[in-house]
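S.K.: To start, I am sharing the structure in question, which I have written as structure tokens.
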Amino acid sequence: MKSAENDSVLTSDFDLIKKSLLMQKSDILNKHKEFKSLQTASAKAADEADAVVQNLQDNLNIQLHERDRHSLILIDKALSKFSEGSYGKCEACEEMISLRRLQARPLATLCIACMEENESANSSAGRNILQ
Ligand SMILES: [Zn+2]
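Per this note's numbering, the very first residue in the sequence shown carries number 269; after that it's consecutive.
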């Protein structure tokens with residue numbers, strides 16, 4: 269009985285994470301829609317004098333958009349893991365990532381141990397010959 273209770277707690281915690289990911293996704297998609305209509309409107313209004321300012325703003329928007337697209341990919345990846353039932357599993361060692369870590373970083377794909385190993389491998393990559 270006790271383990272069934274724990275399971276249902278875990279499921280609802282995962283549900284919350286999934287819901288927040290879906291919300292993040294719709295936020296980004298809505299923002300993207302606004303951004304598009306904004307861009308069309310400003311393109312019509314733009315004249316020569318505004319061109320430089322406009323360019324700066326466009327660059328900023330494109331950068332934001334790139335980051336959003338990257339986030340969308342990660343969110344979709346996490347959501348497809350939910351449907352496969354593999355969400356929360358470390359991609360390196362296949363242990364379950366701790367719930368606290370997932371709540372703080374819902375897009376995490378590595379457990380803390382593997383992440384630290386990964387980071388120390390990266391930081392000493394200059395000295396290590398891995399290939
Ligand atoms: Zn791991």
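Beta carbons are placed, not taken as given, at the ideal position from N, Cα and C, and that holds for glycine.
Note that this is a predicted model, so its numbers are computed, not measured.
Between which two residues does the alpha helix (DSSP H) carrying Lys349 extend?
M.R.: By one-based count along the sequence shown, residue 349 stands at place 81. First-last of the alpha helix (DSSP H) with Lys349: Ala319 to Glu352.
S.K.: For Glu363, is the beta carbon positioned less than 7 Å from some heavy atom of ligand 1?
M.R.: What you label residue 363 is simply residue 95 of the sequence shown in a count that begins at 1. Answer for Glu363: yes, Cβ within range of ligand 1.
S.K.: Relative to the alpha-carbon of Pro374, which residue among Gly356, His338 and Glu352 has its alpha-carbon at the smallest distance?
M.R.: Here residue 374 refers to the residue found at position 106 of the sequence shown. Among Gly356, His338 and Glu352, the Cα nearest to that of Pro374 is on Gly356.
S.K.: Using the Cα positions of Gln371 and Gln322, report the straight-line distance between them to the nearest angstrom.
M.R.: Mapped onto the sequence shown, residue 371 falls at position 103. Mapped onto the sequence shown, residue 322 falls at position 54. Near 39 Å, if we compare the C-alpha coordinates of Gln322 and Gln371.
S.K.: Quick one: give me the first and last residue of the alpha helix (DSSP H) that Ala376 is part of.
M.R.: Along the sequence shown, read from residue 1 onward, the residue named residue 376 stands at position 108. Careful: Ala376 lies outside any alpha helix (DSSP H) and carries neither H nor E.
S.K.: Here's a check: name, in chain order, each residue in its chain whose Cβ is nearer than 6 Å to the Cβ of Cys379, leaving out the five neighbours to either side.
M.R.: Mapped onto the sequence shown, residue 379 falls at position 111. Result list for Cys379: Cys358, Glu363 and Ile365, in chain order.
S.K.: Cα-Cα, which of Asn329, Asn390, Gly353 and His300 is closest to Lys286?
M.R.: By one-based count along the sequence shown, residue 286 stands at place 18. With distances taken between Cα atoms, Lys286 lies closest to Gly353.
S.K.: Is the region 380 to 387 close to the region 324 to 341, with three or more CB pairs under 8 Å?
M.R.: Cβ pair count under 8 Å is below three, so no.
S.K.: Go ahead and pull the three-state DSSP assignment for Gly394.
M.R.: Walking along the sequence shown from the start, residue 394 turns up at place 126. In this prediction, Gly394 scores a pLDDT of 47, lower than 50, which makes its location untrustworthy; the coordinate-derived value is nonetheless stated afterwards. Three-state result, Gly394: coil.
S.K.: Taking Leu367 and Asp283 to be in contact with their CB atoms under 8 Å, please state how far apart those CB atoms are, rounded to whole angstroms.
M.R.: Position 99 of the sequence shown, counted from the first residue, corresponds to residue 367. Position 15 of the sequence shown, counted from the first residue, corresponds to residue 283. Not a contact, Cβ separation roughly 12 Å.
S.K.: Quick one: what's Lys357 bridged to in DSSP?
M.R.: Within the sequence shown, numbered from 1, the residue matching residue 357 stands at position 89. Its beta-bridge partners are Met364.
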